[in-house]
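The opening residue of the sequence shown carries number 1 in UniProt numbering; numbering runs sequentially from there.
Each residue gets a CB set at the ideal place from its N, CA and C atoms; glycine is no exception.
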Amino acid sequence: MTLSPPLPPRDGVHYRACNLCEAICGLRITVQGGQVTDVRGDPDDPLSRGHICPKGAALPDLHADPDRLKTPMRRDGDTWHPMSWDDALDLVARRLRGVQATHGPDSVATFQGNPSVHNSGTLLTAGAFLKALGTRNRYSATSTDQLPHHYAAAEMFGHPLLLPIPDVDRTDFLLMLGANPLASNGSILTAPGMRERLRAIRDRGGRVVLLDPRRTESAAHASEYHPIRPGSDALFLMALLHVILSEGLARPGRLADVTDGLDDLHDVAAPYTPEAVQAATGVPAATTRELARAFARAPRAAAYGRIGLSVQAFGGLCQWLLNTLNLVTGNLDHEGGAMVPRPAFDLLTGARPGQTHHGRWHSRVRGLPEFDGELPNAALAEEILTPGDGQIRALVTIAGNPVLSTPGGQDLDRALAGLDFMVSIDPYLNETTRHAHVILPPATGLEVEHYDVIFHHFAVRATARLNQPVFPISADQRFDHQIFAGLTGHLSGKALATPTERLDAGLRHGPHRLTLDDVRAHPHGLDLGPMQPVFPERLLTASGRIQALPAPMRRDLTRLHAALGAPVAPLILIGRRQLRSNNSWMHNTPRLMRGPDRCTLQLNPADAQGMTDGQLVQVTSRVGTVTVPVEITADVMPGVASLPHGFGHARRGAQLRVAQAHPGVSLNDLTDPLLLDELTGNAALNGTPIQVGPAPQVAGTAPTAGSAAD
1 MTLSPPLPPR
11 DGVHYRACNL
21 CEAICGLRIT
31 VQGGQVTDVR
41 GDPDDPLSRG
51 HICPKGAALP
61 DLHADPDRLK
71 TPMRRDGDTW
81 HPMSWDDALD
91 LVARRLRGVQ
101 ATHGPDSVAT
111 FQGNPSVHNS
121 GTLLTAGAFL
131 KALGTRNRYS
141 ATSTDQLPHH
151 YAAAEMFGHP
161 LLLPIPDVDR
171 TDFLLMLGAN
181 PLASNGSILT
191 APGMRERLRA
201 IRDRGGRVVL
211 LDPRRTESAA
221 HASEYHPIRP
231 GSDALFLMAL
241 LHVILSEGLA
251 RPGRLADVTD
261 GLDDLHDVAA
271 PYTPEAVQAA
281 TGVPAATTRE
291 LARAFARAPR
301 AAAYGRIGLS
311 VQAFGGLCQW
321 LLNTLNLVTG
331 NLDHEGGAMV
341 PRPAFDLLTG
351 ARPGQTHHGR
361 WHSRVRGLPE
371 FDGELPNAAL
381 AEEILTPGDG
391 QIRALVTIAG
401 NPVLSTPGGQ
411 DLDRALAGLD
421 FMVSIDPYLN
431 ETTRHAHVIL
441 PPATGLEVEH
451 YDVIFHHFAV
461 RATARLNQPV
471 FPISADQRFD
481 HQIFAGLTGH
491 LSGKALATPT
501 ERLDAGLRHG
511 PHRLTLDDVR
521 AHPHGLDLGP
531 MQPVFPERLL
541 TASGRIQALP
551 APMRRDLTRL
561 HAALGAPVAP
571 LILIGRRQLR
581 SNNSWMHNTP
591 RLMRGPDRCT
601 LQLNPADAQG
611 MTDGQLVQVT
621 SRVGTVTVPV
631 EITADVMPGV
641 ASLPHGFGHA
651 RRGAQLRVAQ
661 AHPGVSLNDL
671 TDPLLLDELT
681 GNAALNGTPI
691 QVGPAPQVAG
701 TAPTAGSAAD
């Protein structure tokens, strides 16, 4: 099939936001002669103020990537053949329905990757397709990333999207745990230009405190850094709460009148003195007491924890405790504290109080509970590999690469190879989609109209902007919403509203009563002001009150208390985020892959005795073994090893030329799908016990970096 050449883009300057991460930085894109000649931050964007990172500058490279697919592809053995869209949609719908007719509706599973929420076409139309499929076997990147945030929000405030965001532009004390905003650009915190925002806190006399097992890029921009042992954050947060409550420093303010369970917090925090948790956390008791007192006495303070707290065995308790610290010190729903945004396009419009968000059904093999309609993705491989009634026999992946992004990636890789049918809605032939029988590639990036539906719910300032396409698509390409509308029509006969129609309706019914034309009239973005207090009006609990000590958290404290005296493995593996990377899908861009090898195992000198910097070492966990260069650095604590996530591009069959030239190894060939946060079901990717030693050499050869499974 020959692609029809698209029309050239209009020469001139185009304004749109980068959709590669949560920062949604405004960009100024110059086109000359049909080519992008310049990309820079838009200084008139009211949220990003001209900030840009290396990923934003690489957007034109993604558009021009020769490995990007643009027409449907069908696999015959190891060979791929192009298809027409009509034939592809018909084949996919027919095969999915055939599997369900034989094995039941739950025999088809779906997995949505992180980019699903970075494209409003997918976000606003994929749900109708999933509903038409009618399966309960739904999975997404949420349960390897941020599920504890949503669980705590649902239990305390009544909805998974009622997430308190640190008001970094007005705070006097920012306490961060397991967060690296200098590398992430902010995460569950849409606040582009965090370097400048952290500097502004310090410049106005405020304090930025970071606790993390690794001295991250953000540590250099904090007032102080304290190392903390992986997985012990909940104990440390409990100790902060203990000091604040036992010393009479609590001042919940106006929210005390709409909160249940405040008095019970004294009893549950009582055992967790700074001295009691010191051995487990590695944080001196005197440091813990000083931080607790300073946080409680600061005029405006915000406690914030991100992925390092979420992807551990106590992720749910960590996020509950962060909310609780903000609550008892009067910093929840308060200027300069932690506040819940109210965006122009509000996904909570029409949400009903008192809804149940978890535990309505469970996975077949391990009995893991669903949350918000999804099962923990740590269960996906076993649900495919375990025979019996309800076994998954077909899979739909949407903008995801779970072979690299979910725990036990080697098992999932093996599982996907045995499926009866698999379809991937994805623009790349990657480590996961190589198993698909059909790939449906959507137009992407600079080709699509986009509104950041999700990330305005996490933003420190209310803004709204519609991102117009820079490049037109060819007649042979399709937008993501066209693919989902086509599949939904084949499966159910129903027609879908377009994303544009849904956006306009949502803006009209939102808190600011805008229209899409209002937003279009402001190409740099419409500034709607800073966050404002929203409680109790926005609460969606059945009682209409904040729950300071939800029953699931109270029950899980038994598990936390047992951790006080639990033995610690000699060496624990944690992940590592990098600015020039974006999970597994930014490694095929030449400008982002320049420089030295970034896929290294960081080890403290105390754990690297007998090893030399750059030496290949063998890393082994319960589930797998990889070979990788070691980077010896005091930036990681003794007893901790750090490996970046998203690599592992040596698997045969993928078509990612740049990524395959920089394959690295996959962190998730080592992480264990049996290690979960028992409260939420989120994968405990941080905290995997490992052993490290020199890589074995075969006589006459030198070892090469790569996964032992490749």
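What is the C-beta distance between residue i and residue j, in whole angstroms, given that I count them as a contact (C-beta under 8 angstroms)?
i	j	result
D420	V99	6 angstroms
E382	V365	5 angstroms
V640	P590	Not confirmed; about 32 angstroms, so no contact.
F345	G614	So it is not a contact: roughly 49 angstroms between Cβ atoms.
C25	L59	With 8 angstroms as the limit, C25 and L59 do not qualify as a contact, their Cβ atoms being about 11 angstroms apart.
N377	Y151	That belief does not hold up - the Cβ atoms of N377 and Y151 are roughly 15 angstroms apart, past 8 angstroms.
P499	T125	6 angstroms
Please go through the same chain and pick out, in chain order, the residues whose beta-carbon is closer than 6 angstroms to the beta-carbon of residue i, but skip the five residues on each side of it.
i	result
Q312	G231, A684, N686 and G687
V243	R289 and A292
D87	none
Can you tell which of the options has the C-alpha that lies nearest to the C-alpha of residue i?
i	options	result
P213	R652, Y151, R16 and Q602	Q602
P570	P402, P638, A562 and R513	P638
R465	H362, E383 and H522	H522
T444	P472, H435, M422 and V460	P472
S363	A298, G390 and Y272	G390
P43	T37, H51 and V36	H51
A153	G113, G354 and A641	G354
A634	H63, G186, P227 and G56	P227
V534	A415, A101, P343 and H645	P343
F647	Q32, G359, C599 and D411	C599
A542	R95, I29 and F157	F157
D264	N682, L241 and S474	L241
F314	A109, D106 and M553	M553
E431	L412, P442 and V448	L412
S642	L47, G308 and A302	G308
L96	V39, T397, V209 and G121	T397
P517	D504, H561 and I201	Note that residue 517 corresponds to Asp in the displayed sequence, not to Pro. The candidate whose alpha carbon is nearest that of D517 is D504.
R68	V92, Y428 and H266	Y428
Note down the Cα distance separating residue i from residue j, rounded to an integer number of angstroms.
i	j	result
A351	H159	8 angstroms
L675	P407	9 angstroms
T680	V36	44 angstroms
D65	P271	56 angstroms
H481	Y15	23 angstroms
W80	M194	44 angstroms
E370	T142	12 angstroms
H662	R580	13 angstroms
Q655	P696	30 angstroms
T671	V31	44 angstroms
A709	A415	Legend: pLDDT at A709 = 41, less than 50; position of this residue unreliable, value from coordinates given subsequently. A709 and A415: Cα-Cα distance of roughly 14 angstroms.
R577	S666	13 angstroms
M1	P82	In this predicted model, M1 has a pLDDT of only 38, less than 50, meaning its place in the structure is not dependable; the value taken from the coordinates is given anyway. Approximately 6 angstroms, taken between the alpha carbons.
I439	D169	44 angstroms
R229	L175	17 angstroms
T135	E224	49 angstroms
W320	L198	24 angstroms
G409	H587	18 angstroms
A393	N114	What sits at residue 393 in the sequence shown is Arg, not Ala. Cα to Cα, the separation comes out at about 23 angstroms.
Which same chain residues, not among the five before or five after residue i, have their C-beta less than 8 angstroms away from its C-beta?
i	result
R545	V258, T259, D260, P536 and L539
F129	F484, L487, T488 and L491
I188	E22, Q146, H149, L163, I165, R306 and F458
L249	V243, A292, R293, A296, R297 and T329
G253	G330 and H334
A256	L262
G282	P227, I228, R229, S232 and M637
Which residues in the same chain as residue i place their Cβ atom closer than 7 angstroms to its Cβ, once the five residues preceding and following it in sequence are excluded?
i	result
A702	Low confidence applies here, because A702 scores a pLDDT of 47, under 50, leaving its location unreliable; read the following figure in that light. So no residue of the chain qualifies.
residue 718	The question about residue 718 has no answer, for the chain in this structure spans 1 to 710.
F117	The sequence given here has Val at residue 117, not Phe. The residues are L123 and I454.
H357	A154, P160, F371 and D372
R251	T329 and G330
Quick one: give me the first and last residue of the beta strand (DSSP E) that residue i is part of.
i	result
G409	Segment G409 to L416 is the alpha helix (DSSP H) holding G409; no beta strand (DSSP E) there.
A220	Here A220 belongs to no beta strand (DSSP E), and DSSP marks it neither H nor E.
residue 713	Here the chain covers residues 1 to 710 and nothing more, so residue 713 does not appear.
H481	Element bounds for H481: not the beta strand (DSSP E) but the alpha helix (DSSP H), D480 to S492.
W80	T79 to P82
The alpha helix (DSSP H) spanning residue i covers which residue range?
i	result
F295	A285 to R297
Y151	L147 to F157
I690	No alpha helix (DSSP H) holds I690; DSSP gives it neither H nor E.
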